[in-house]
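Colleague: I'd like to ask you about the structure that follows.
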Amino acid sequence: MRDRYDEWMRLALDEAALALGSEDVPVGAVVVDDSGKVIGRGRNERERLRDPTGHAELVAMRAAAAALGSWRLDGCSLVVTLEPCTMCAGALVLARVDRLVYAAVDEKAGAVGSLWDVVRDRRLNHRPEVVAGVRAQEAADLLSTFFRSHRDVR
0 MRDRYDEWMR LALDEAALAL GSEDVPVGAV VVDDSGKVIG RGRNERERLR
50 DPTGHAELVA MRAAAAALGS WRLDGCSLVV TLEPCTMCAG ALVLARVDRL
100 VYAAVDEKAG AVGSLWDVVR DRRLNHRPEV VAGVRAQEAA DLLSTFFRSH
150 RDVR
């Protein structure tokens, strides 16, 4: 299964790279159905859309819900290059995503174990499987490059 996660994360990293030419932080996500087909893609678009909810995870989940014709993402995996924040972690729980696969840890805003652990909170009615650290160094390098270049400009 690890090979599939690597393959799916490569697709999420490709989405993240598409944000590099913008002011958006390069985070990418894909939603994969239970047959392994990508049904949603997204990258951060907060700056481009001037939308506080324009996180990669939410963009990908909206696309997946539209493809399925349902807000329920039962049987789906969300694959994202950065540990989700509280908003995105809450959304994936509410959407009933079966599995979360993420790359880099977000020590400043992560809600899947770093600062909070929203997805494993026993008080919630759904808890997805979590697979962390898939291609983490590649995702971290992409983020480091972005932030370094933005610090140098300012």
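Numbering that gives the first Met the number 0 applies: residue 0 is where the sequence shown begins, and numbers increase by one. Ideal placement from N, C-alpha and C gives every residue a C-beta, glycine not left out. Computed from a predicted structure; not experimentally measured.
Alpha helix (DSSP H) containing V129: first to last residue?
Modeller: Sequence index remark: in the sequence shown, residue 129 carries index 130 (1-based). Unbroken run through V129 is the beta strand (DSSP E), 128-131; no alpha helix (DSSP H).
Colleague: DSSP state of V26, grouped into three classes?
Modeller: Translated into positions along the sequence shown, residue 26 becomes position 27. Note: V26 maps to coil in three-state DSSP.
Colleague: Out of A94, A63, R134, state which residue places its alpha-carbon closest to the alpha-carbon of M8.
Modeller: Indexing the sequence shown from 1 puts residue 8 at position 9. The shortest Cα separation from M8 among A94, A63, R134 belongs to R134.
Colleague: Below 8 Å between beta carbons: does that hold for G27 and L12?
Modeller: As a working mapping, residue 27 is identified with position 28 in the sequence shown. As a working mapping, residue 12 is identified with position 13 in the sequence shown. Yes. Within cutoff.
Colleague: Buried or exposed: which applies to M0, given that a residue is buried once 16 or more other Cβ atoms fall within 10 Å of its Cβ?
Modeller: In the sequence shown, the residue the question calls residue 0 occupies position 1. Exposed is the call here.
Colleague: Within the same chain, show all residues whose beta-carbon is closer than 7 Å to that of C156, passing over the 5 residues directly before and after it, in chain order.
Modeller: Any question about residue 156 goes unanswered here, given that the chain covers just 0 to 153.
Colleague: Tell me S76's beta-bridge partners as DSSP assigns them.
Modeller: Counted from its first residue, the sequence shown places residue 76 at position 77. Note: S76 sits in a beta bridge opposite V31, R98.
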